[in-house]
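Enquirer: In terms of the UniProt record's numbering, the sequence shown opens at residue 1 and continues consecutively.
Would you mind keeping the following structure in view while I ask a few things?
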Amino acid sequence: MYGNEDSSPSAPSAPSRYDLLVVGSANADLVVGVERRPGPGETVLGTDLVVHPGGKGANQAVAAARLGARTALLARVGDDAHGRLLRASQQEAGVDTGGVLVGGAPTGVALITVDPSGDNSIVVSPGANARLTPDDVRAAGPLFASARVVSVQLEIPLDTVAETARALGPGARLVLNPSPPAPLPGEVLAACDPLVLNEHEARSILGDGAGDTPEAWARGLTALGPRSVVITLGAEGALVSDSRTGEAVRVPSPRVAALDTTGAGDAFTAALAWRLGLGEELAEAAAFAVRVGAAAVTKEGAQASFPTAEEVSAL
Numbered sequence: 001m002y003g004n005e006d007s008s009p010s011a012p013s014a015p016s017r018y019d020l021l022v023v024g025s026a027n028a029d030l031v032v033g034v035e036r037r038p039g040p041g042e043t044v045l046g047t048d049l050v051v052h053p054g055g056k057g058a059n060q061a062v063a064a065a066r067l068g069a070r071t072a073l074l075a076r077v078g079d080d081a082h083g084r085l086l087r088a089s090q091q092e093a094g095v096d097t098g099g100v101l102v103g104g105a106p107t108g109v110a111l112i113t114v115d116p117s118g119d120n121s122i123v124v125s126p127g128a129n130a131r132l133t134p135d136d137v138r139a140a141g142p143l144f145a146s147a148r149v150v151s152v153q154l155e156i157p158l159d160t161v162a163e164t165a166r167a168l169g170p171g172a173r174l175v176l177n178p179s180p181p182a183p184l185p186g187e188v189l190a191a192c193d194p195l196v197l198n199e200h201e202a203r204s205i206l207g208d209g210a211g212d213t214p215e216a217w218a219r220g221l222t223a224l225g226p227r228s229v230v231i232t233l234g235a236e237g238a239l240v241s242d243s244r245t246g247e248a249v250r251v252p253s254p255r256v257a258a259l260d261t262t263g264a265g266d267a268f269t270a271a272l273a274w275r276l277g278l279g280e281e282l283a284e285a286a287a288f289a290v291r292v293g294a295a296a297v298t299k300e301g302a303q304a305s306f307p308t309a310e311e312v313s314a315l
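Below, the structure written as structure tokens:
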């Protein structure tokens, strides 16, 4: 651990090479089951509150480590019980937590309602995530120099995301999930290989004229500058598009009974990033990732639902 309030990372004791460095958020997920999600001004009763370790960055790191990837996390948490929960969950999964900074604000929190179909609604209070700065990224140079792939999301400040794109080591690959959606600088889009997003995020970024098919979204997104695009399609799998070939390929998902979709997209992205770092082609890596995402929705919670490689093979 790099210490306490106002701490910045110094050179960590790390393996000579990480399969994946995740730069992103770490939240405590406060989850309540509901018969139906409330409308505006409406109150509904739910189940007992359950607290899970979560946040897109922390989720991806745990998902990758559980699959067998050598993984490190650069994130910021509060000096509180939620922060201790998050650090413990990372260490238990085998993630290198030398880049997890402590202090500056309370740990981020996600308020999640889950309905009987497994669909969820989420409100995030960023907390310490909003204090992960470009200086933190610059100070973590040894982590970046040791990473094959760097994965980042938008639950941290956008200028920190931009600095992450600049900090890539030689030959490293950037995987970006623009969630929650926000306008992205051209330099960040140009570094994405791939840009990974779902239908909602694709439509939000493209705006009017996005089109009605994943193929149309992929064309529109590719025109914005990323080297490749992956659009997740829930139970239908994913679509991958590589700007270098101009090809768009559908990747089907196995059919499963969905119990809780929380964290499934993070599991997909982590698996995809890991397999790309192993040298797989985009469609091949996505075929593995959709199986990981499918396995994740069959269990409750985010990190608790992430499968091992053996569980994916058995799906």
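Where is the CB? At the ideal position from N, CA and C, for every residue including glycine.
Work out the CA separation of R148 and R203 for me, nearest whole Å.
Expert: To locate residue 203, count along the sequence shown from 1; it is residue 203. To locate residue 148, count along the sequence shown from 1; it is residue 148. C-alpha separation (whole angstroms): 30 Å.
Enquirer: So for G104, helix, strand or coil by DSSP?
Expert: As a first step, residue 104 must be located in the sequence shown, where it is residue number 104. In this structure, G104 counts as coil in the three-state DSSP scheme.
Enquirer: For A162, collect the residues of the same chain with a Cβ closer than 8 Å to its Cβ; drop the 5 residues on either side in sequence, then sort them by chain order.
Expert: As a position in the sequence shown, residue 162 is number 162, starting the count at 1. So the qualifying residues of the chain are P134, P185, E187 and V188.
Enquirer: When the Cα atoms are used, what is the spatial distance from A267 to E42?
Expert: One-based indexing of the sequence shown puts residue 267 at position 267. One-based indexing of the sequence shown puts residue 42 at position 42. If you take the alpha carbons of A267 and E42, they lie about 32 Å apart.
Enquirer: Report the three-state DSSP secondary structure of Q90 (helix, strand or coil).
Expert: As a position in the sequence shown, residue 90 is number 90, starting the count at 1. Three-state result, Q90: helix.
Enquirer: Kindly indicate the opening and closing residues of the alpha helix (DSSP H) around R131.
Expert: Position 131 of the sequence shown holds residue 131. Looking at the DSSP string, R131 is not in any alpha helix (DSSP H), and its letter there is neither H nor E.
Enquirer: Is it the case that the stretch 229 to 237 contacts the stretch 21 to 36, given that we only count it when at least three CB pairs across the two stretches are under 8 Å?
Expert: no
Enquirer: Taking DSSP as the reference, what is the three-state secondary structure of S16?
Expert: As a working note, residue 16 is residue 16 in the sequence shown. Any reading at S16 must be qualified, since the residue scores a pLDDT of 47, below 50, and its modelled position is unreliable; the value itself is stated next. Here S16 sits in coil by DSSP.
Enquirer: Any idea what DSSP makes of G265, helix, strand or coil?
Expert: On the sequence shown, residue 265 is found 265 positions in, with the first residue counted as 1. The answer is helix: DSSP assigns G265 an H, G or I state.
Enquirer: Where does T47 fall in DSSP's three states?
Expert: Walking along the sequence shown from the start, residue 47 turns up at place 47. Correct three-state label for T47: coil.
Enquirer: For L276 versus R131, is the C-beta spacing smaller than 7 Å?
Expert: Indexing the sequence shown from 1 puts residue 276 at position 276. Indexing the sequence shown from 1 puts residue 131 at position 131. Taking 7 Å as the Cβ cut-off, L276 and R131 do not qualify as a contacting pair.
Enquirer: Need the endpoints of the beta strand (DSSP E) that T213 sits in, please.
Expert: Taking the first residue of the sequence shown as 1, we reach residue 213 at position 213. Per DSSP, T213 lies in no beta strand (DSSP E) and is assigned neither H nor E.
Enquirer: Quick one: Cα of D48 to Cα of L111, how far?
Expert: By 1-based counting over the sequence shown, the position of residue 48 is 48. By 1-based counting over the sequence shown, the position of residue 111 is 111. Cα to Cα, D48 sits roughly 13 Å from L111.
Enquirer: With contact counted as at least three CB pairs below 8 Å, one residue from each stretch, are the stretch 57 to 68 and the stretch 76 to 94 in contact?
Expert: yes
Enquirer: What does the alpha-carbon distance come out to for the pair A296 and A210?
Expert: Taking the sequence shown and counting its residues from 1, one reaches residue 296 at position 296. Taking the sequence shown and counting its residues from 1, one reaches residue 210 at position 210. The alpha-carbon of A296 is positioned some 29 Å away from that of A210.
Enquirer: Just how far apart, CA to CA, sit A182 and I205?
Expert: Working through the sequence shown from its first residue, we reach residue 182 at position 182. Working through the sequence shown from its first residue, we reach residue 205 at position 205. Each residue's Cα considered, the two are about 7 Å apart.
Enquirer: Let me check understanding here. Comparing Cα to Cα, which of P170, T213, P178 and T269 lies closest to V249?
Expert: Residue 249 sits at position 249 when you count from the first residue of the sequence shown. That would be T213, whose Cα lies nearest to the Cα of V249.
Enquirer: Given A264, which residues of its chain have a CB within under 6 Å of its CB, disregarding the five upstream and five downstream residues?
Expert: Residue numbering aside, residue 264 sits at position 264 when the sequence shown is read from its first letter. Contacts found: G293, A296 and V297.
Enquirer: Put D29 into one of helix, strand or coil per three-state DSSP.
Expert: Taking the sequence shown and counting its residues from 1, the one referred to as residue 29 is at position 29. Residue state, collapsed to three classes: strand.
Enquirer: Between A238 and V175, how many whole angstroms is the CB-CB distance? I'm expecting something under 8 Å.
Expert: In the sequence shown, counting from the first residue as 1, residue 238 sits at position 238. In the sequence shown, counting from the first residue as 1, residue 175 sits at position 175. 14 Å between Cβ atoms; not a contact.
Enquirer: Within its chain, find whatever has a CB closer than 8 Å to the CB of T160; leave out the 5 residues flanking it on each side and keep chain order.
Expert: Working through the sequence shown from its first residue, we reach residue 160 at position 160. Within the same chain, T160 has close Cβ partners V23, L132, T133, P134, D136 and V137.
Enquirer: Using only the alpha-carbon positions, how far apart do A302 and H52 sit?
Expert: The residue you call residue 302 lines up with position 302 of the sequence shown. The residue you call residue 52 lines up with position 52 of the sequence shown. About 7 Å.
Enquirer: For L278, count neighbouring Cβ atoms within 10 angstroms of its own Cβ and tell me buried if that reaches 16, exposed if not.
Expert: Start at 1 with the first residue of the sequence shown, and residue 278 comes out as number 278. When all chains shown are included, L278 counts as exposed.
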